[in-house]
Amino acid sequence: MPISTRMLPAIKTSAKEAAKRGYLAKDAAGGDYLVEFGEFYGGVVDLTNPEAYAWFKEVIKKNMIELGCGGWMADFGEYLPTDTYLHNGVSAEIMHNAWPALWAKCNYEALEETGKLGEILFFMRAGSTGSQKYSTMMWAGDQNVDWSLDDGLASVVPAALSLAMTGHGLHHSDIGGYTTLFEMKRSKELLLRWCDFSAFTPMMRTHEGNRPGDNWQFDGDAETIAHFARMTTVFTTLKPYLKEAVALNAKSGLPVMRPLFLHYEDDAQTYTLKYQYLLGRDILVAPVHEEGRSDWTLYLPEDNWVHAWTGEAFPGRGSYR
Numbered sequence: 001m002p003i004s005t006r007m008l009p010a011i012k013t014s015a016k017e018a019a020k021r022g023y024l025a026k027d028a029a030g031g032d033y034l035v036e037f038g039e040f041y042g043g044v045v046d047l048t049n050p051e052a053y054a055w056f057k058e059v060i061k062k063n064m065i066e067l068g069c070g071g072w073m074a075d076f077g078e079y080l081p082t083d084t085y086l087h088n089g090v091s092a093e094i095m096h097n098a099w100p101a102l103w104a105k106c107n108y109e110a111l112e113e114t115g116k117l118g119e120i121l122f123f124m125r126a127g128s129t130g131s132q133k134y135s136t137m138m139w140a141g142d143q144n145v146d147w148s149l150d151d152g153l154a155s156v157v158p159a160a161l162s163l164a165m166t167g168h169g170l171h172h173s174d175i176g177g178y179t180t181l182f183e184m185k186r187s188k189e190l191l192l193r194w195c196d197f198s199a200f201t202p203m204m205r206t207h208e209g210n211r212p213g214d215n216w217q218f219d220g221d222a223e224t225i226a227h228f229a230r231m232t233t234v235f236t237t238l239k240p241y242l243k244e245a246v247a248l249n250a251k252s253g254l255p256v257m258r259p260l261f262l263h264y265e266d267d268a269q270t271y272t273l274k275y276q277y278l279l280g281r282d283i284l285v286a287p288v289h290e291e292g293r294s295d296w297t298l299y300l301p302e303d304n305w306v307h308a309w310t311g312e313a314f315p316g317r318g319s320y321r
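Heads up: the sequence shown begins at 1 in the UniProt record's numbering, then just goes up one per residue.
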């Protein structure tokens with residue numbers, strides 16, 4: 001079974017080696033700049049230093065690829081402090097937005113040079129101009145374990161569509177969200193709704209969150225396990241369809257999750273839709289992103305639509321409940 005893991009462009013366990021070689025970004029005094037990453041302090045590998053870049057690429061090969069990882073989260077691409085001093089002499093304020101693309105390129109080349117490109121996948125939360133060429137997939141980052149419009153379940157679809165229109169054709173999110181702050185607790189209902197949504201994205205992946213004991217998990221009870229079993233079956237059933245959509249993305253750049261106006265450009269209503277999308281060409285998805293709802297309204301452009309669960313036909317060009 002392939003294992004997916006996590007890494008970031010900073011060093012803790014190999015910090016002494018990186019520091020000895022002079023591969024870390026510097027502070028104003030010329031010392032190694034240490035950054036708090038939430039879980040630990042680490043040195044920032046200076047990706048503008050060709051030797052440091054090549055060294056860290058070998059770290060990826062040894063600690064990820066050679067160990068047999070099936071993929072990984074290439075995390076923290078945005079964590080370049082703007083007061084660091086870099087090997088290339090360019091201000092960190094200027095390099096900050098370019099940093100995610102450098103980080104993506106380092107991961108991409110590690111796969112390319114080992115012949116694993118297309119077999120192993122990494123995903124990122126940070127990006128900038130140039131990331132599209134190298135980042136094999138994006139994810140939405142650390143959403144709150146809630147229903148909020150700004151950083152909860154409701155924020156993920158607009159984020160995916162925004163990324164789609166900037167050239168990032170593959171996107172997914174942590175099922176149930178991640179960030180558990182203050183009195184936040186992931187509810188069973190939220191986890192099940194997020195599971196429903198994720199079954200109709202390019203990747204279906206759970207996350208326990210940063211406070212697992214406070215959050216409802218996929219094995220929380222028999223009903224939750226059965227629901228996940230059903231929706232993962234839906235996801236795997238879509239595999240041929242998704243593979244075709246992913247292949248088209250690789251060939252043409254057309255995203256897998258698409259705003260409706262890409263295919264219904266003459267329908268003005270489709271330009272206003274933030275919370276529904278097309279998965280590939282033929283599946284319209286409108287995730288329920290509000291708590292306590294037993295019904296939902298969506299807009300169908302003019303076409304021949306069939307409800308996936310009931311088989312009922314709809315002509316479109318209107319809203320339906």
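Virtual Cβ for every residue (Gly too), placed ideally from N, Cα, C.
Because the structure is a prediction, the values reported are computed rather than measured.
N107 places its beta carbon less than 7 Å from that of F122. A residue is called buried when at least 16 other Cβ atoms come within 10 angstroms of its Cβ; K57 meets this threshold and is buried. Per the Cβ contact rule, the region 260-278 is not in contact with the region 180-199 (fewer than 3 Cβ pairs under 8 Å).
Between H289 and A104, the C-beta gap is not smaller than 7 Å, which leaves the two residues out of contact.
Nearest Cα to G77 within the set Y320, H171, M95, F218: M95. Just so you know, the alpha carbons of E66 and A313 end up roughly 51 Å apart. Relative to the Cα of R321, the nearest Cα in the group T237, W309, L298 belongs to L298. For Q217, the CB contacts under 7 Å within the same chain, skipping 5 residues up- and downstream, are E208 in chain order. Residue nearest to W309 within the set R317, G316, G318, V285 is V285 (criterion: CA-CA distance). In the three-state DSSP reduction, F40 falls in the coil class, being neither helix nor strand. Note: V35 is bridge-paired with G42 in the DSSP secondary-structure output. Shown here for G292: same chain residues with a beta carbon closer than 8 Å to its own, the five before and five after excluded, namely E189 in chain order. D46 and Y53 have their C-alpha atoms some 7 Å from each other. In this structure, G316 places its C-beta atom within 7 Å of the C-beta atom of D303. Just so you know, the alpha carbons of G68 and G167 end up roughly 29 Å apart. Taking M204 as the centre and dropping the five residues before and after it, the same chain places the C-beta of S198, F235 closer than 6 Å to its C-beta, in chain order. The beta strand (DSSP E) runs lying completely inside the UniProt domain "Glycosyl hydrolase family 31 C-terminal" (253-317) and spanning 3 residues or more are 277-279, 283-285, 298-300, given in chain order. Residues A140, S173 of the same chain have their beta carbon placed closer than 6 Å to that of V156, with the five preceding and five following residues left out of the count. Contact between the region 75-94 and the region 21-28 is established, with three or more Cβ pairs separated by less than 8 Å. Its chain contains L248 as the residues whose beta carbon lies nearer than 6 Å to that of L254, once the 5 sequence neighbours on both sides are disregarded; these appear in chain order.
Take A15, set aside five residues on each side of it, and the residues of its chain with a beta-carbon closer than 7 Å to its own are G42, G43, in chain order.
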